[in-house]
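In this note's numbering, the protein residues as written are 234 to 527.
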């Protein structure tokens, strides 16, 4: 409910700020606030090499399936590929903040394993997204350069390196980063509400149905199948299914705006996955409790 109220607040404030002001807030989130959130999430918990070997391929396979299934919506969506790419990323990206809220509802919260999953998933999620958004932005080397300089990717890689090293950052450095990180999600939710087409939120067409269905249904079903096929431990299995069941991240809207894609398409998809996850996520949490942790 707090998240939904912030989205509603953005809708109420839509006309209080100019279009340039909203774009400036998106730029601040893209360049500073979300990178701080990503870095803190990955760097504040130790990451073991054994965890990387086990969890990494699993979360990467879930996101790769999202990439493949999401592309099935291509012919039903925006004509311009850049606008489609802004929407396409919704099929595999995930809400980091909500993941750490949802995991606390489990009887045996796998906090450490979830931190590893998030830390390993963020780089690949951003490689997929930035590569798609940069496709028509120039030569291959220009695309590679934009991927390599992406603030989300750099923050994720730095956070994973710190987590693997086991180094504890001094409070003088970590405290301001945590303050910046706390501002990222609220500001992104308000911005989503300000740019979202509320009329479109109430109706799912074929295009958004494929994207949203991939994220909220197909990926967690696939993750649950992997837990049985590979006989995963309860901790890893619960982490994988919960990770796959997350709605998409508000960062999808921020990233699309940062590359010049139409902001309303991904903002509406973000809202649709977030709103519908109020129904689907409790169901998947129940499945985890009854089928995995019991």
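Cβ coordinates follow ideal geometry from the N, Cα and C atoms, glycine included.
Handout entry: Counted within 10 angstroms of its Cβ, other Cβ atoms place residue 257 as buried (16 or more) or exposed
Key = exposed
Exercise for the section: Return yes when the Cβ of residue 366 is within less than 8 Å of the Cβ of residue 494, no when it is not. Expected result: yes
Handout entry: Backbone CA spacing between residue 505 and residue 325 [nearest angstrom]
Key = 15 Å
Practice task
Mark residue 234 as exposed unless 16 or more other C-beta atoms lie within 10 angstroms of its C-beta, in which case mark it buried.
Solution key: exposed
Practice task
Measure the Cβ-Cβ separation of residue 241 and residue 417 and say whether it is below 8 Å.
Solution key: no
Handout entry: Residues near residue 457 by beta carbon distance below 6 Å, same chain, minus five either side
Key = 474
Handout entry: Outcome for residue 262 when other beta-carbon atoms lying within 10 angstroms are tallied against a minimum of 16
Key = buried
Handout entry: Start and end residues, alpha helix (DSSP H) containing residue 415
Key = Where residue 415 is concerned, the enclosing alpha helix (DSSP H) stretches over 404-428.
Practice task
Tell me whether residue 448 is buried or exposed, calling it buried when 16 or more other Cβ atoms sit within 10 Å of its Cβ.
Solution key: buried
Problem - Three-pair Cβ contact test at 8 Å for the stretch 355-364 versus the stretch 319-336 - result: yes
Handout entry: Spatial neighbours of residue 278 in its chain, beta-carbon cut-off 7 Å, leaving aside the 5 residues before and after
Key = 345, 348, 396
Exercise for the section: List the whole-angstrom C-beta distance separating residue 340 from residue 421, where the pair is believed to meet the contact cut-off of C-beta under 8 Å. Expected result: With a Cβ gap of about 30 Å, residue 340 and residue 421 do not count as contacting.
Exercise for the section: Starting from the C-beta of residue 359, find all residues in its chain whose C-beta is less than 7 Å away, skip the five residues before and the five after it, and write them out in chain order. Expected result: 383, 385, 386, 389
Handout entry: residue 435 (DSSP reduced to helix, strand or coil)
Key = coil
Problem - Same chain only: Cβ atoms within 6 Å of residue 455, ignoring 5 sequence neighbours per side - result: The residues 298, in chain order, have a CB closer than 6 Å to that of residue 455 in the same chain once the five nearest residues on each side in sequence are set aside.
Exercise for the section: Could you check the C-alpha separation between residue 313 and residue 439 for me, to the nearest Å? Expected result: 18 Å
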